[in-house]
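*Asks:* The following block contains the structure, expressed as structure tokens.
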Amino acid sequence: MIHVTFVTTDGARVEAQAEAGQPLLEVGQAAGMALEGTCEGQMACSTCHVIVARAWFAQLPAASNDEEDLLDLAAGVTATSRLSCQIVLTDVLDGLEVKIPGFSNDMQVG
Ligand code: FES
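If you use my numbering, the sequence shown closes out at 137, no skipped numbers anywhere.
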């Protein structure tokens with residue numbers, strides 16, 4: 028079981044559990060996070076944007092060029108932004124913490 032913490036735009040911490048191989052987007056949606064994921068992981072929307080806690084960002088496989096291009100278009104992008112549909116959970120990501128981006132410009136995480 029992999030534990031993931033989502034930090035909502037209100038600053039609330041929501042703990043979720045996931046299986047290895049699950050996309051982070053799916054886990055977030057199941058936990059009630061406001062992640063639209065309009066394109067369902069086809070990398071065509073960027074509505075699944077999350078801000079990864081700094082300590083975890085380096086643990087993730089690097090984003091593809093296509094993901095980087097889409098992130099450029101997402102609102103409130105930070106240096107540790109990723110598309111949650113492209114993050115597949117593995118055991119090394121147990122404890123992962125990500126923030127749901129809002130429009131409050133509070134970019135602090137981790
Ligand atoms: S769900 Fe559309 S880019 Fe991730």
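Using N, Cα and C, we set each Cβ at its ideal position, and we do this for glycine too. In this text the structure is predicted, and so the values were computed from the model without any measurement.
Our contact map puts C75 next to L52 with C-beta atoms below 8 Å; I'd like the distance itself, whole angstroms only.
*Replies:* 5 Å
*Asks:* Apart from the five residues just before and just after V115, which ones in its own chain have a Cβ nearer than 8 Å to its Cβ?
*Replies:* G48, Q49, P50, L51
*Asks:* Looking at C-beta atoms only, is the number of pairs between the region 59 to 76 and the region 87 to 99 that lie closer than 8 Å three or more?
*Replies:* yes
*Asks:* Output needed for M28: all residues of its chain with C-beta closer than 6 Å, excluding positions within five of it in sequence on either side, in chain order.
*Replies:* Q44
*Asks:* Does E46 come out as helix, strand or coil in the three-state DSSP assignment?
*Replies:* coil
*Asks:* What separation, rounded to the nearest whole angstrom, lies between the Cα atoms of D118 and C112?
*Replies:* If you draw a straight line from the Cα of D118 to the Cα of C112, it comes to about 17 Å.
*Asks:* Sorted by chain position, which residues of the same chain lie with C-beta nearer than 8 Å to M60's C-beta, five sequence neighbours on each side aside?
*Replies:* F33, T35, V41, I127
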